[in-house]
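Engineer: Numbering (numbering that gives the first Met the number 0), first residue to last: 0 to 221.
In this text, a Cβ means the ideal position worked out from N, Cα and C, and glycines have one as well.
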Amino acid sequence: MFEVLNSPTIEYAQWKSRLHGPAPAGKSNLYFTNKWPSGDTKWVSGQYFQIIDTVVVPYRLGYRLPSAGGDYKSLDLHNVTGSPTSMYPSGDSIIYETLIGMKKGAYQLGLYIPDAQHYLMALGYSEMYPNNPGIPQTGFMSALTPKDSPEENPLIKIWSIYNMAPWILRLTPDTGVDYEKPILSFQVAKHKVRNMQPLANGQAPFPTFTTVRYYDEENGAW
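(1) Can you grab the Cα-Cα spacing for the pair Pro-23 / Ile-99, in whole Å?
(2) Using the three-state DSSP reduction, which class does Val-43 fall into: helix, strand or coil?
(3) Just list the beta strand (DSSP E) runs in the segment 109-174, keeping only unbroken ones of 3 residues or longer that don't cross its boundaries, in chain order.
(4) Going by alpha carbons, who is nearest to Val-192 out of Met-101, Gly-104, Gly-90 and Lys-156?
(5) Tell me the DSSP secondary structure of Asp-52 in three-state form.
(6) Rounded to whole angstroms, how far is the Cβ of Thr-32 from the Cβ of Thr-210, which I believe are closer than 8 Å?
(7) In the DSSP assignment, the beta strand (DSSP E) including Tyr-30 goes from what residue to what residue?
(8) Taking the alpha carbon of His-77 as the point to measure from, which residue in Asp-173, Pro-172, Pro-197 and Tyr-161 has its own alpha carbon closest?
(9) Return the chain-ordered list of same chain residues with a C-beta closer than 8 Å to the C-beta of Thr-84, the five sequence neighbours on each side being excluded.
(10) Among the residues of its own chain, which have a CB less than 7 Å from the CB of Tyr-111, if the five just before and after it don't count?
(11) Taking the C-alpha atoms as reference points, what is the distance between Ala-105 and Pro-172?
(12) Could you tell me whether any non-hydrogen atom of the ligand SAH is closer than 7 Å to the CB of Thr-80?
(13) Whole angstroms is fine: what's the gap from Lys-146's alpha carbon to Asp-52's?
(14) Could you tell me the boundaries of the beta strand (DSSP E) in which Tyr-95 lies?
(15) DSSP three-state label for Ala-24, please.
(16) Out of Thr-207, Leu-108, Val-56 and Pro-36, point me to the one whose CA is closest to Ala-164's CA.
(17) Do Leu-29 and Ile-50 have their C-beta atoms closer together than 8 Å?
(18) Starting from Asp-215, trace the alpha helix (DSSP H) both ways and give me its first and last residue.
(19) Between Ile-155 and Ser-148, is the Cβ-Cβ spacing less than 8 Å?
(20) Could you give the C-beta distance for Gln-186 and Pro-153, rounded to a whole number, given that I count them as a contact under 8 Å?
(21) Give me, in chain order, the residues of the same chain whose beta-carbon lies closer than 6 Å to that of Phe-139; leave out the 5 immediate sequence neighbours on both sides.
(22) Between Ser-125, Ser-27, Thr-144 and Asn-194, which lies nearest to Trp-221 when the distance is taken from Cα to Cα?
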């Protein structure tokens, strides 16, 4: 669902194979855990998929933001009519795998799902969460900087499927910066997939695959 790519991953593969495209080393297979709920995402829950075709679409977005008063910009990536950030598949049998790079600057990126009130990561104490960018003590908690995922080597990766809960990306200038222009560089891999049934003994239909977990499983706010 979400990951910051680590050193072993980087050593193993470069950009295209990190996208699991028609791929070297058998990385073109996916497994969605059974934690995906039975509603709009039921079609992936507990299922194996083989990627049969991939197209990578690059996309850059930038915004000029003042820092006074804790200003920020929240980008809703799920499909909304007329929105320039509608970056989800338009139907099933398609899965998006998106890398997010950040152009150098004095700003940070926060990840929220399923809405702007639900942060992906926080500390365990009830008041230690990124509740409001205008509160300097906690506003930048769990946020990522351009050093964490540089534009030329993006390390933040998210998955999205049709009708999934919205990914919210919150851009916030650093405290004390008069104006900043955050620029996000997206590489959206559109994967066409086909369902693969488990073997008769219940084992996976292929020896290697990437596991895609539901956002509740990735949540670090416990």
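Structural biologist: According to the structure shown:
(1) Low confidence applies to Pro-23: its pLDDT is 42, below 50, so where it sits in the model is not reliable, and the reading given next is rough at best. Spanning the alpha carbons of Pro-23 and Ile-99 requires a straight line of approximately 22 Å.
(2) Looking at Val-43 - three-state DSSP - the assignment turns out to be helix.
(3) Taking 3 residues as the minimum length, the beta strand (DSSP E) runs contained wholly in the segment 109-174 are 155-159 and 167-172, in order along the chain.
(4) Of the listed residues, the one whose Cα sits closest to Val-192 is Gly-90.
(5) The three-state reading of DSSP puts Asp-52 in strand, counting E and B together.
(6) The C-beta separation of Thr-32 from Thr-210 comes to about 7 Å, placing the pair in contact by the 8 Å criterion.
(7) It spans 28-31 - the beta strand (DSSP E) in which Tyr-30 sits, taken as one unbroken run.
(8) It is Tyr-161.
(9) Here the set comprises Leu-60, Leu-74, Asp-75 and Leu-76.
(10) Closer than 7 Å at Cβ, skipping near neighbours: His-117, Tyr-118, Leu-119, Ile-167 and Arg-169.
(11) So the two alpha carbons sit approximately 6 Å from each other.
(12) With respect to small molecules bound, the structure shown includes none, and the ligand SAH cannot be examined in it.
(13) Per the coordinates, the alpha-carbon of Lys-146 lies some 32 Å from the alpha-carbon of Asp-52.
(14) It spans 93-101 - the beta strand (DSSP E) in which Tyr-95 sits, taken as one unbroken run.
(15) Caution applies to Ala-24, whose pLDDT of 45 falls short of 50 and renders its modelled position unreliable; the model cannot decide the point.
(16) With distances taken between Cα atoms, Ala-164 lies closest to Pro-36.
(17) With contacts defined as CB atoms closer than 8 Å, Leu-29 and Ile-50 qualify as a contacting pair.
(18) If you look at Asp-215, you'll find it in the alpha helix (DSSP H) that goes 214-217.
(19) The answer is yes: Cβ separation under 8 Å.
(20) A Cβ-Cβ distance of about 7 Å is found for the pair Gln-186 and Pro-153, placing them in contact under the 8 Å criterion.
(21) Excluding its 5 nearest sequence neighbours in each direction, Phe-139 has C-beta neighbours in its own chain below 6 Å: Gln-107, listed in chain order.
(22) Residue Ser-125 is the option with its Cα nearest to Trp-221.
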